[in-house]
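Data block below; observations after.
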Amino acid sequence: MPFTCPDLPRPRGALAAGAGAALVAGLLVAPPAMADGDSPELLGTASDLGVEVPTPDDVLDSAETAIPGRWLVEVSGDPVLRGGSASANARAQDKVHERAEAAEIPMEVSENFVAGWNGMSVSMQDTDVAKLRAVPGVTAVYPVLEVEQPEPSDAAPEDVYGNAMTGVDQVQQVDGLTGEGVRVAVIDSGIDYNHPDLGGSGTGDQTTDFPNDRVIGGYDFVGDAYDSQTGVPVAPDEYPDDCGGHGSHVAGIIGADGDPETAGVLGVAPGVDLLSYRVFGCEGSSSTEVILEAMEQAMDDGADVVNMSLGASFVTWQDYPTAQMSDVMTDNGVTMVISAGNEGTAGTFSGGAPGVAGDAITVASVDNTDRRAPYATAAGEEIAYGPATGSTAAVPTSGELALVSAGAPGTEAAQGCDSSVVPPATGAGQALLIERGTCSFHLKALAGQEAGYDAVILYNNAVGVVNPTVEGDPAITVPVVMVGQADGLALQEALAAGDVTWAWQEGAAVFENPTGGLVSDFSSYGLTAELQLKPDLAAPGGSIWSTIPLEQGGHGSKSGTSMAAPHVAGAAALLLESAPELAPGDVKTTMMNTADPLTWSLMPDVGYLEPVHRQGAGLLDMVGAVHTATRVDEASISLGEGEDGPQTVTLTVSNDSDVEQTYAVGIRHGIATSHPTYDPGFYDAPALAESGADSVTVAAHSSTELTVTLGEDFGEDGFIYGGWVTLSGADDDIVVPFAGLSGDYQALPVLDDQGMGLPVLGVSDGAGSVLLDPEGGHTYTMQNGDIPYIAYYFGYPVERLEIDAYKINGGGKAKPVNPSVGLIDEGDHLGRSAAPEVYGWDGSYALKNQKTKTVKNGEYLLEMRVLKPLGDPEDPDHWETFTSPQFTIDDPNPGKPGAR
């Protein structure tokens, strides 16, 4: 079976699916068998419960992508803000550069970092990285990652509802908090400072209004035409304006000061000073080296709070440089607020850097309670819809169509995947009603179009708001919109009773959101690779109305964790205005202590709570955060792996009020998840939890300690479980979230077969695809991509990856091709795979002296070894190994690495 393989600028790349159905079949892995007795109850896998578990191609758009030829080189020595010396760090970096040149590793240094992270960004040949890791003074080498400018889905709501969900409106109106005097930096696509809601004059000229009373400073790192793949900023200037739209939407949520009565936006903290750091061009992606520059600049400019609604998904190790920098900034007085990521449908361990930073406030998304949407009237009701992207026809704002059902709900005809199964239009002026499911939105729209209808009305087959795309070939030339499940079924019922007219309406109306108050389906899951609990907190991010550039209409709505993080960043500013003495850790602890755990989104009517590793402490509660008199110093509890049994944890409870406080101590449990990570099972699996006391009393202006014993006893490895230690008092309710992984982390299989027998040897077909070759025996020319590949999938983060090659001598014995070093390639701290990947070997390897050699023609095999996360390299049980079948190298130009 062929699989399309992108160009491989470095050995590791993505094995993209040319036949997605085969890969989806590989995702349908049964959950682990449970022991008899008091076993956790399986409630269903993600796919069982209606989650559209993505095909690999779906995930690749958002997963981290390494940029060819660009690397971040960490150098020995502490950064300045960790007690190091700027001059010593500069000398250490220069020395590494000199040693690399002496070892014939040509590289060009782009940027030097000494303050928050000690290292440099460099351009060099990817094939030299293994040699560079061996250069004295090099601590680690990380790929520069492409970070896509988030593309939140369009939805349409009022931000005022989000403010009401978290009590922001109350602390604004009752306490008079606006965030005045607090500086909030936005590292994003820039801010439209011409926008009247953001202090501008409304002129639409980037050379005016900067700085203004609201956007008081900033920096353009990239210019309009920048894309990370070019690696070079394109004419950045002194105006950090926004032509992409994302940063302005984020900034409006944080601090817009418009009048909702006249269609303006009132942000969470309308009195803050905003700083705009532009790291995206008008289109395309940024890179982690540019983002590092912006983080350092924001710290130098005195930001109190930094919002980062961006990240590299599946990069879950906390030592990635952007995560390291985030923690350094927190230590130096900056409250870091970062989005959790939008890979929720991809399963667990799907967060990313810098959001995995231990001290940052990492924010999950909750759907807004109400949404504003365009609408039509039908069957006597106003019906909200979302326009599909990809159609060349504009959605009308007037006119009527006769509605026709494609078929009874649940039938093949209702799902309308082909024009042959739906009733043909009997004339002009008709719209076809089609149910979601089975096939793509493009095929459904095409079926209606080919059947002669003037519009297609899609309806959801599950609760929730979906923003469809009908892009494809042939193009869709009729209007296509999507309505909710309840409205679709009501229309089906009305059609069964008689004729129904669909009447387009101008403007928008406000509708109740059926998933309001639940974690958004796109919001990513933790944990980090080190098993630390992430995310930390949840806030409204689904269907948020905010500012967008004037050129794009001035106001619009989007959904994403990108929209949830700025809600918390604005809230942090309100809290700092209320209590300026709070350190970043205090801001985080106060918000988490007073949050409200959320109902499980996949079964909202049953009474379970959302997994703690998807919501953290719960929904932000600003009234509680501003007015609480009690805190627990430990914001969360990360229990790690459970093979050593339950742990006893000591919590410090402090009372800042003038009177004694007594709290009842309790435990609440969230839903647990199991492997596989990409289609997890969901379990009712309460952890073992015992409190040292049923209640705790704390004297005025004093503190006391409370012990709790937490753990698991499931008899299975790999369940991520957790919940909340609760303190319930007369005036305050406090929560402390906890999470752990049952059993032995290192007992979990990392190399997953994905239903395709992975890992497996691969062969190029010469046309950009890789054929899986489990039997081996192929003869590789080592030219034009005809090199040996290993196709593989990491089901969990990887501590260390080692690749070796062996030459088979005449007697059939295998001898390492690189006996002085023992490896042809290696890597540390790799994330869980977003999709099947490939490793390609061009026949070269680095000697101990960093010189490069190329193998001679002959018989070979490859070996891949992975050390499991947090594994002991000296324990053979913590390694997994794949040894390929034998293959032949017959290079017509031996001694020169072939082109990949």
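Going by my numbering, 26 is the number at position 26 of the sequence shown; the sequence numbering is gapless.
We put the beta carbon where it would ideally sit given N, CA and C, even for glycine.
query: What are the boundary residues of the alpha helix (DSSP H) that Gln746 is part of?
result: Neither: Gln746 is in no alpha helix (DSSP H) and is coded neither H nor E.
Report buried or exposed for Lys815, applying the criterion of at least 16 other Cβ atoms within 10 angstroms of its Cβ. exposed
Check your understanding: Using a Cβ-Cβ cut-off of 6 Å (strictly less than) and excluding sequence neighbours within five positions of Ser833, which residues of its own chain qualify?
Key -> Tyr793 and Phe794
- Message: Our contact map puts Val186 next to Val250 with C-beta atoms below 8 Å; I'd like the distance itself, whole angstroms only.
- Response: 6 Å
* To do: Please report the Cβ distance between Gly681 and Thr673, rounded to the nearest whole angstrom; I am assuming they are in contact, meaning their Cβ atoms lie under 8 Å.
  => 7 Å
In the structure shown, what three-state DSSP assignment does Ile254 receive? helix
Worksheet entry | Whether Ala830 touches Pro788 by CB criterion (8 Å) | A quick correction: the sequence has Leu, not Ala, at residue 830. No, the pair does not count as a contact, with Cβ atoms beyond the cut-off.
- Task: State the DSSP-derived secondary structure class of Pro56, mapped to helix, strand or coil.
- Result: Confidence at Pro56 is low in this model, with a pLDDT of 45, below 50, so its placement is unreliable and the value that follows should be read with caution. Three-state result, Pro56: helix.
Quiz prompt | Rounded C-alpha distance that separates Cys417 from Val53 | solution = 20 Å
Exercise. For Val855, name the three-state secondary structure that DSSP assigns.
Key: coil
Residue range of the unbroken beta strand (DSSP E) whose run includes Glu874: Glu874 -> no beta strand (DSSP E), and no H or E assigned at all.
>> Please report the straight-line C-alpha distance between Asp128 and Ser287, rounded to a whole angstrom.
In response: 21 Å
Exposure of Phe887, with buried meaning 16 or more beta-carbon neighbours within 10 Å: buried
Which of the three DSSP states, helix, strand or coil, is assigned to Gln485?
helix
Next item on the list: Would you check if the distance between the CB atom of Val215 and the CB atom of Ala303 is smaller than 8 Å?
Entry: no
Ser884 versus Asn893, Lys868, Thr528 and Tyr860, residue with shortest Cα-Cα distance
Tyr860
(message) Let me check understanding here. Comparing Cα to Cα, which of Gly812, Gly810 and Ile790 lies closest to Asp804?
(response) Ile790
Query - Residue from Ile254, Leu292, Gly231 and Pro321 whose Cα sits closest to the Cα of Gly284 - result: Gly231
Buried or exposed (CB count within 10 angstroms, at least 16 for buried), Arg91 = exposed
field: Gly711 beta carbon near the ligand SAM (any heavy atom closer than 7 Å)
entry: For the structure depicted, the ligand SAM is absent and the ligand set is empty, with no information on it obtainable.
task = Pick out whichever of Ser543, Pro873 and Ile808 has its Cα sitting closest to the Cα of Lys801.
result = As written in the sequence, residue 801 is Leu, which differs from the Lys given in the question. Leu801 has its Cα closest to that of Pro873, out of Ser543, Pro873 and Ile808.
Check your understanding: Using the rule of at least 16 other Cβ atoms within 10 Å of the residue's Cβ for burial, across every protein chain shown, is His701 buried or exposed?
Key -> exposed
| query | Count the other CB atoms within 10 Å of the CB of Thr648; is the residue buried (16 or more) or exposed (fewer)? | reply | exposed
| query | Cβ atoms of Pro79 and Gly333: under 8 Å apart, would you say? | reply | no
Starting from His778, trace the alpha helix (DSSP H) both ways and give me its first and last residue.
-> Neither: His778 is in no alpha helix (DSSP H) and is coded neither H nor E.
Does DSSP classify Gln661 as helix, strand or coil? strand
Exposed or buried, Thr590, counting other C-beta atoms within 10 Å across all chains shown (16 or more means buried)?
-> buried
Quiz item: For Ala447, which option in Gly429, Val463 and Glu412 has the closest C-alpha, if you only look at C-alpha atoms?
Solution: Glu412
- Task: Inspect the beta-carbon positions of Ile254 and Ala539 and report whether they are closer than 8 Å.
- Result: no
inquiry  = Short of 8 Å in beta carbon distance, which residues of its chain neighbour Val75, apart from the five on each side in sequence? Order them along the chain.
reply    = Asn89, Ala92, Gln93, Val96, Asn118, Gly119, Met120, Gly137, Val138 and Thr139
Q | Distance between Ser562 and Val404 (C-alpha atoms, nearest Å) | A | 39 Å
**Item:** Cβ neighbours of Gly407 in the same chain (closer than 6 Å, five flanking residues each side left out)
**Value:** Ala413 and Ala414
field: Backbone CA spacing between Ala635 and Asp621 [nearest angstrom]
entry: 15 Å
Q: Give the C-beta separation of Asp487 and Ala617 to the nearest angstrom, bearing in mind that I take them to be a contact with Cβ-Cβ under 8 Å.
A: No, Asp487 and Ala617 are not in contact; Cβ-Cβ is about 34 Å, not under 8 Å.
Roughly how many whole angstroms lie between the Cα atoms of Lys856 and Tyr780? 12 Å
Can you tell me whether Gly247 is helix, strand or coil according to DSSP? helix
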